[in-house]
Amino acid sequence: DDAGGGFGLALAAMRASVRAADGRSPETRLLPALLAFLGLSEPNELLARLYVEKWTPDELAAFAPVVIRLAQEGDAMALQILREGATALAQLVAGAARALAFPDGPKVVLLGGCACSGDPYQPLIEAAIRSACPAARITPPAFSPVHGAALNALRAGGIHPLPELTFHHQQS
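When you line the sequence shown up against my numbering, it's residues 34 to 205, in that order.
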């Protein structure tokens with residue numbers, strides 16, 4: 034369901050913006066930011082735009098960096114959305130850890146633009162994971178995104194790098 038990922042964060046921000054626009058929740062800087070993102074000038078245009086157009090998850094997820102930035106700048110609603118996203122990701126880790134019964138706890142690697150965005154979201158995710166699954170070991174990715182993409186491209190082309198090359202890179 035991508036709760037905690039870019040799509041989930043953006044969807045929560047859009048819901049919060051609609052509630053702020055019609056007075057059901059406190060004001061938030063998410064609303065004017067969403068209007069600008071969508072190229073709208075008035076809040077009353079928001080629902081029509083969100084319901085009429087067909088949005089892909091990637092198109093909606095493009096708003097997530099704005100949510101993270103507004104949380105960094107102190108917007109209470111944006112920060113609440115990040116907290117809820119971090120909790121959802123931690124619940125996913127805890128559920129997977131229970132289902133897979135890791136003897137030493139799961140090794141968790143945070144990947145993606147949102148999870149690796151730094152303050153404030155990444156620390157919230159890490160704290161939520163440690164709380165929900167104390168045995169989890171949060172570790173950095175073995176490869177940079179570019180290196181991983183290059184390895185995948187080689188493999189897709191039928192070229193399988195020597196294990197020593199991938200192991201050496203993991204150690205550096």
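For each residue, glycine too, the CB sits at the ideal point set by N, CA and C. Quick caveat: nothing in here was measured; it's all calculated off a predicted structure.
Where Thr172 is concerned, there is no enclosing alpha helix (DSSP H), although the beta strand (DSSP E) around it starts and stops at Arg170 to Thr172. Around the beta carbon of Ile101, 16 or more other beta carbons sit within 10 angstroms, so the residue counts as buried. Ala66 and Ala168 have their alpha carbons spaced roughly 39 Å apart. The Cβ neighbour count for Pro59, taken over all protein chains shown within 10 Å, is under 16; the residue is labelled exposed. With three or more CB-CB distances shorter than 8 Å, the region 116–125 counts as touching the region 149–164. Each residue's CA atom was taken as its position, placing Leu184 and Lys140 some 22 Å apart.
Pro178 and Gly191 have their C-alpha atoms roughly 20 Å apart. Inter-residue distance for Ala104 and Leu115 is about 8 Å (C-alpha atoms, whole angstroms). Across the structure, Glu92 and Gly72 are spaced so that their CA atoms are roughly 14 Å apart. Looking at the backbone, the Cα of Ala182 and that of Arg131 are separated by about 31 Å. Residue range Tyr154 to Ala165 is occupied by the alpha helix (DSSP H) that includes Ile158.
A Cβ-Cβ separation of about 5 Å places Ala43 in contact with Ala97 under the 8 Å criterion. At a Cβ-Cβ threshold of 8 Å, Leu64 and Ser50 count as neighbours. Short of 8 Å from the beta carbon of Tyr154, and not among the five residues preceding or following it, lie these beta carbons of its own chain, in chain order: Ile101, Ala104, Leu115, Gly118, Ala119, Cys147 and Ala148. Under the DSSP definition of a beta bridge, Val141 partners with Ile171.
Counting other Cβ atoms within 10 Å of its Cβ, Leu79 reaches 16 or more and is therefore classed as buried. In the DSSP assignment, Phe40 falls within the alpha helix (DSSP H) that extends over Gly39 to Ala54. Apart from the 5 residues on each side of it in sequence, Pro174 sits with its Cβ closer than 7 Å to the Cβ of Val142 and Leu144 in its chain, given in chain order.
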